[in-house]
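**Q** Got a structure for you, questions after.
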Amino acid sequence: MAERVLITGGAGFIGSTLCAHLAAKGQEVWVMDDLSFGRRELAPVPDTRFLRVDIRKREEVSAAIRRVAPETVLHLAAIHFIPYCNQHPVEAADININGTIHVLDAAHAAGSVQQVFVASTAAVYPIADGAMAETHPTGPMDIYGTTKLATERIASEFCLRTRIPTIVGRFFNAFGPNETNPHLFPEIQKQVLAGARTLKLGNLDPKRDFIHTSDMAEAMDALLRVNIEGCEVFNIGRGIEYSVREIVEAFARQLGEELTIDVDPARVRAVERMHLLADVTKLKRRTGWTPKWGIDEGVATLLKETV
Ligand SMILES: NC(=O)c1ccc[n+]([C@@H]2O[C@H](COP(=O)([O-])OP(=O)(O)OC[C@H]3O[C@@H](n4cnc5c(N)ncnc54)[C@H](O)[C@@H]3O)[C@@H](O)[C@H]2O)c1
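Under our numbering, the first residue of the sequence shown is numbered 786, with each subsequent residue one higher.
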């Protein structure tokens, strides 16, 4: 029998790929999303399984999850574009912290939920040069990372209280189709597809661990199949880091044309970490997962999209 899975944030960038992945595996996927950042057409579920609910509304969340009675809840709904969170800290805290409490409490009250996955972020880590394992001390440097560290603690407390196995996935930097927030890949994609060959970008040297959303979906699916006891944290990254400059070079290779960069002072972040790299030993050891998508393959598909 198909497993009933509820994905919050399933109309978003990562959540929509996860929906498609789990639906293709024969699972009965339901989506809860308020469409504030996501798009309805991205969530590949029928209208009957799409719940337009704002996770800040405790009673609505509770009633919806009770009605669906899922076996698994994957909680991805959040706001996470760092400049937006910095400008709207109260909203970021309300959605990312209170919203998580509402979703998890409702999951417990539903009585049907046997496993929970909560999306966290590499932004819970402090500035550091090398690859960081899950045991690395946390130390977020912005409001977004702070709200997500709170999300992790709430997940851990939820698990202790309810004994529902809980997985916390610390996502590193995602790339892939249908990105909803103006991060690096969609920015380069937009400029290149508009015909620019001199790109206006901010800092060029920071390196990030970019992981394709399809690989993330595979990793989450694999984690749901591991026998988790209690609450466990897993990095979800590729374990390779690329600078902004190297990403532009990948676009140039796939385009078959030269791209030059014009550093736009308005886009240069005042506070910037130079490295953010995952140690994914634990994820690989526990699941057997390996990433399949390289940067160049991902960029090639982005150049075929219309934006
Ligand atoms: N994209 C990344 O590189 C990245 C990195 C680390 C962590 N994450 C985390 O992964 C998750 C998914 O991120 P994404 O990149 O797909 O972002 P996204 O903005 O595309 O997806 C988030 C979804 O949550 C929904 N949402 C926001 N506020 C809501 C609310 N109040 N009620 C109901 N739904 C709401 C949005 O409409 C959107 O569809 C988030 O938890 C994010 O913090 C993302």
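Don't be surprised by glycine CBs; every beta carbon is placed ideally from N, CA and C.
Say yes only if the C-beta of K992 is nearer than 7 Å to one or more non-hydrogen atoms of ligand 1, and no if none qualify.
**A** Answer for K992: no, Cβ out of range of ligand 1.
**Q** Name the one or two DSSP bridge partners that N958 has.
**A** Paired residues: F995.
**Q** Looking only at C-alpha atoms, which of F902, G924, A904 and S905 sits nearest to I912?
**A** It is G924.
**Q** By how many angstroms is the C-alpha of A862 removed from the C-alpha of P874?
**A** Using only the alpha carbons, I get a separation of about 16 Å.
**Q** I'd like to know if the stretch 857-871 and the stretch 894-908 are in contact, where contact means that at least 3 CB-CB pairs between them fall below 8 Å.
**A** Touching, per the Cβ criterion.
**Q** Can the beta-carbon of A1063 be found closer than 8 Å to that of A907?
**A** Yes; because the gap between Cβ atoms is below 8 Å, this pair is in contact.
**Q** Given this structure, state the Cα-to-Cα distance separating I928 from V953, to the nearest angstrom.
**A** Answer to the nearest angstrom: the Cα atoms are 19 Å apart.
**Q** Using a threshold of 7 Å, is the CB atom of G1073 nearer than that to any non-hydrogen atom of ligand 1?
**A** Not so, every heavy atom of ligand 1 lies at least 7 Å from the Cβ.
**Q** When the Cα atoms are used, what is the spatial distance from W811 to L934?
**A** Checking the displayed sequence, the identity of residue 811 turns out to be Gly instead of Trp. Near 33 Å, if we compare the C-alpha coordinates of L934 and G811.
**Q** On the three-state DSSP scale, how would you describe K985?
**A** K985 falls in the strand class under three-state DSSP.
**Q** For A916, which three-state DSSP category applies?
**A** Coil at A916, not helix or strand.
**Q** Quick one: give me the first and last residue of the beta strand (DSSP E) that T1045 is part of.
**A** Unbroken beta strand (DSSP E) run through T1045: T1045 to V1048.
**Q** Kindly identify the DSSP beta-bridge partner or partners of H1020.
**A** Note on identity: in this sequence residue 1020 is Asn, with His being the wrong assignment. The partner list for N1020 (beta bridge, DSSP) reads R955.
**Q** Between A848 and A891, what straight-line distance do the alpha-carbon atoms span, to the nearest angstrom?
**A** In a straight line, the C-alpha of A848 is about 8 Å away from that of A891.
**Q** Say the cut is 7 Å; is the CB of I840 nearer than that to a heavy atom of ligand 1?
**A** At least one heavy atom of ligand 1 is nearer than 7 Å to the Cβ of I840, so yes.
**Q** Flag this pair as yes or no: are the beta carbons of P962 and L1087 separated by less than 8 Å?
**A** Contact: yes.
**Q** Kindly indicate which three-state DSSP category E788 falls into: helix, strand or coil?
**A** Looking at E788 - three-state DSSP - the assignment turns out to be coil, as it is neither helix nor strand.
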